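In this note's numbering, the protein residues as written are 445 to 1006.
Rendered as structure tokens:
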């Protein structure tokens, strides 16, 4: 009795929610992104989210985030948290859905926005279909269904359900239920083609016999409501939330006729569909981990800027009307985006192009922002040196004094403000020199490693270096450099070093690569790199920052003396 009363109240609650949707303005655009928290957000789903967001913003509509977490075995809270962070990082905000920060309440009038919290809604809808004769219980065992499929395959017929349970009498159904026999619930497909309009691909039609009678609830038994399947719950959610346009990947095309049939069974309006093309790797196979980074969190860790990745994702299947523009901020994209410009042809993920866009946005980014992002990469890869500074407010003089008075006392080394400022200025110079040389920021620690010092033995053992150093001219250059380095004291200026090279050139006749490459190997351990007039001041200033950076003179003397 209590459950029946609750179910009655719940049914009125569902009807009220749908009435609220029916009263909405008919031309209000409402789209949704409905990921499953069973793994990391990958570029395909991120593009789907982006296109939905752009479409909503272009038309002044609503972008809804809904979490499809009915797969309880695979769904994890950490994946949902990462998903929300990734969307936020990309710059995609949602008008309705779960709160972004932990503890935030849902926003929107059509929740809950997690499917695991909507199970009673699905149960009510299933009861309605059964009551109206639009669905029926299927008591067939897995073995019986497999036998049907095997016979159909042997006879080269479509592998569709025979509808044997549709023909059960009510007494047979009651006997099975009384015996606790498990069952699935199947939707009865009407005998007419299932059609829908795809805004990317045009009109699409599926014969009814191809769809068969799909299972909408599985593993039900006795009082158990069973487990509603994806095609069923997503359709109910889209209808009750007033979704007007379903924009998703083309792998969902086979699901669409089943969903259209569910819409029709309930009398709900069928939304517009837009199925986006598959994203392929360079080998024309579906993009996967073997092609490289595919998750948004990985791109974040690699030091890609969100505006670069969002820009590139927009170009995976869409293009501007002028046919050549390729750099767009989200703000730029909103008035330009349209589904009419989306192509059904597969998109190939081109890392070279993504890297080009990232370099473009790195050049435009605020230097302080790039500095903070780059510092994270150095802290992760070079914890022996980084962070280069600690905020003075973390260790105020009062805090230092307090810690020193504890028993036992805690001694904190606080960097002088002047040294912090010099390190910040030096790090900015380091980034100004090397950021233009990288595709993404996680390349910086390796690219700049020699600035902090290098191993002379490894430098000599390097194959390309060894070829340079094997020449008689290289030995002459290094001997001349070593003599001058030993005779010099203090900081070496780029002008002085340039004078050394000119003197060596005049005295020996050695010039060009034969002169510069041995000198560069002695200073950096590499035969190529930035210009000396920029590199030498950077190294020499670094020696004054208490970071253990060897100076140019020490490098030359150590290398020549090996």
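A virtual CB, placed ideally from N, CA and C, is assigned to each residue, including glycine.
Please read all numbers here as calculations on a predicted model, not as lab measurements.
Next on the checklist: Considering Cα atoms alone, identify which of 679, 877, 755 is closest to residue 794.
Outcome noted: Here the question's residue 794 lines up with position 350 in the chain shown. Here the closest residue by C-alpha is 755.
Next on the checklist: Can you check which of these residues, 901, 640, 820, 737, is closest to residue 799 by C-alpha distance?
Outcome noted: On the chain shown, position 355 is the one that residue 799 refers to. Cα-wise, what sits closest to residue 799 is 737.
Next on the checklist: Just to confirm, is the Cβ distance from residue 877 to residue 488 under 9 Å?
Outcome noted: As a working mapping, residue 877 is identified with position 433 in the chain shown. As a working mapping, residue 488 is identified with position 44 in the chain shown. Not a contact, by the Cβ cut-off of 9 Å.
Next on the checklist: I need the straight-line Cα distance from residue 670 to residue 824, nearest angstrom please.
Outcome noted: Taking the chain shown and counting its residues from 1, the one referred to as residue 670 is at position 226. Taking the chain shown and counting its residues from 1, the one referred to as residue 824 is at position 380. C-alpha separation (whole angstroms): 47 Å.
Next on the checklist: I need the boundaries of the beta strand (DSSP E) containing residue 823, first residue and last residue.
Outcome noted: Position 379 of the chain shown holds residue 823. Where residue 823 is concerned, there is no enclosing beta strand (DSSP E), although the alpha helix (DSSP H) it sits in stretches over 811-825.
Checklist entry - To the nearest angstrom, how far is it from the Cα of residue 495 to the Cα of residue 589? => result In the chain shown, the residue the question calls residue 495 occupies position 51. In the chain shown, the residue the question calls residue 589 occupies position 145. Each residue's alpha carbon lies about 40 Å from the other.
Item to check | Under 9 Å between C-beta atoms of residue 873 and residue 985 | outcome: By 1-based counting over the chain shown, the position of residue 873 is 429. By 1-based counting over the chain shown, the position of residue 985 is 541. Taking 9 Å as the Cβ cut-off, residue 873 and residue 985 qualify as a contacting pair.
Next on the checklist: Quick check on the DSSP output: the alpha helix (DSSP H) that includes residue 803 runs from which residue to which?
Outcome noted: Residue mapping note: residue 803 aligns to position 359 of the chain shown, counting from 1. Looking at the DSSP string, the run of the alpha helix (DSSP H) that includes residue 803 is 795-808.
Checklist entry - Using DSSP with H/G/I as helix, E/B as strand and the rest coil, what is residue 467? => result For the purposes of this step, residue 467 is taken as residue 23 along the chain shown, with counting starting at 1. With a pLDDT of only 40 at residue 467, under 50, the local geometry of the prediction cannot be trusted, and the value read off the model is given with reservation. Residue 467 falls in the coil class under three-state DSSP.
Item to check | Backbone CA spacing between residue 742 and residue 679 [nearest angstrom] | outcome: As a working note, residue 742 is residue 298 in the chain shown. As a working note, residue 679 is residue 235 in the chain shown. Between residue 742 and residue 679, the C-alpha separation is close to 32 Å.
Checklist entry - Rounded C-beta distance between residue 959 and residue 945? I'm assuming under 8 Å. => result Translated into the one-based positions of the chain shown, residue 959 becomes position 515. Translated into the one-based positions of the chain shown, residue 945 becomes position 501. Between residue 945 and residue 959 the Cβ distance is about 6 Å, and since that is below 8 Å, they are a contact.
Checklist entry - Can you list, in chain order, the residues of its chain whose CB lies under 8 Å from that of residue 504, leaving out five sequence neighbours each side? => result Taking the chain shown and counting its residues from 1, one reaches residue 504 at position 60. The residues are 473.
Checklist entry - Taking Cβ positions, are residue 814 and residue 801 nearer each other than 9 Å? => result Position 370 of the chain shown, counted from the first residue, corresponds to residue 814. Position 357 of the chain shown, counted from the first residue, corresponds to residue 801. In this structure, residue 801 does not lie closer than 9 Å to residue 814 by Cβ.
Next on the checklist: DSSP three-state label for residue 584, please.
Outcome noted: Residue mapping note: residue 584 aligns to position 140 of the chain shown, counting from 1. It is coil, neither helix nor strand.
Next on the checklist: DSSP three-state label for residue 533, please.
Outcome noted: For the purposes of this step, residue 533 is identified with residue 89 of the chain shown, where counting begins at 1. DSSP places residue 533 in helix when its eight states are reduced to three.
Checklist entry - Would residue 629 be called buried (16 or more neighbouring beta carbons within 10 Å of its own) or exposed? => result For the purposes of this step, residue 629 is taken as the residue at position 185 of the chain shown. So residue 629 counts as buried.
Checklist entry - Considering only C-alpha positions, which residue in the set 476, 493, 931, 482 is nearest to residue 760? => result If you number the chain shown from 1, residue 760 lands on position 316. Of the candidates 476, 493, 931, 482, the one whose C-alpha sits nearest the C-alpha of residue 760 is 493.
Checklist entry - Are the Cβ atoms of residue 559 and residue 514 separated by less than 9 Å? => result One-based indexing of the chain shown puts residue 559 at position 115. One-based indexing of the chain shown puts residue 514 at position 70. Contact flag set, yes.
Next on the checklist: For residue 676, tell me which candidate among 507, 780, 483, 631 has the shortest Cα-Cα distance.
Outcome noted: Position 232 of the chain shown holds residue 676. Residue 676 has its Cα closest to that of 631, out of 507, 780, 483, 631.
Checklist entry - What whole-angstrom Cβ distance do residue 926 and residue 1001 have, given they're in contact under 8 Å? => result For the purposes of this step, residue 926 is taken as residue 482 along the chain shown, with counting starting at 1. For the purposes of this step, residue 1001 is taken as residue 557 along the chain shown, with counting starting at 1. Going by Cβ atoms, the distance from residue 926 to residue 1001 rounds to 6 Å, so yes, they are a contact pair.
Checklist entry - Is residue 1010 helix, strand or coil by DSSP? => result With the chain running from 445 to 1006 in the structure shown, residue 1010 is simply not present.
Checklist entry - Does residue 962 have its Cβ less than 9 Å from a Cβ in chain D? => result The structure shown has no chain D; it contains just one protein chain.
Checklist entry - Where do the N-terminal and C-terminal ends of the alpha helix (DSSP H) with residue 706 fall, by residue? => result Along the chain shown, read from residue 1 onward, the residue named residue 706 stands at position 262. It spans 700-710 - the alpha helix (DSSP H) in which residue 706 sits, taken as one unbroken run.
Checklist entry - Can you give, in chain order, each stretch of the alpha helix (DSSP H) that sits fully within the stretch 589-652 and has at least 4 residues? => result 614-622
Checklist entry - For residue 927, does the three-state DSSP call read helix, strand or coil? => result For the purposes of this step, residue 927 is identified with residue 483 of the chain shown, where counting begins at 1. The answer is helix: DSSP assigns residue 927 an H, G or I state.
Checklist entry - Among 497, 564, 915, which residue has its Cα nearest to the Cα of residue 538? => result In the chain shown, counting from the first residue as 1, residue 538 sits at position 94. When each option's Cα is compared against that of residue 538, the closest is 497.
Checklist entry - Taking three-plus beta-carbon pairs below 8 Å as touching, is the stretch 642-650 in contact with the stretch 585-600? => result no
Next on the checklist: Per the DSSP calculation, residue 506 is bridged to which residue(s)?
Outcome noted: Residue 506 sits at position 62 when you count from the first residue of the chain shown. For residue 506, which the question treats as bridged, DSSP gives the partners 474.
Item to check | Cβ contact check for the stretch 986-996 and the stretch 903-914: 3 or more pairs under 8 Å | outcome: no
Checklist entry - Can the beta-carbon of residue 922 be found closer than 9 Å to that of residue 1004? => result Here residue 922 refers to the residue found at position 478 when the chain shown is read from its first residue. Here residue 1004 refers to the residue found at position 560 when the chain shown is read from its first residue. Against a cut-off of 9 Å, the Cβ pair of residue 1004 and residue 922 comes out as a contact.
Checklist entry - Nearest CA to the CA of residue 701: which residue from 656, 710, 684, 685? => result As a working note, residue 701 is residue 257 in the chain shown. Nearest C-alpha to residue 701: 656.
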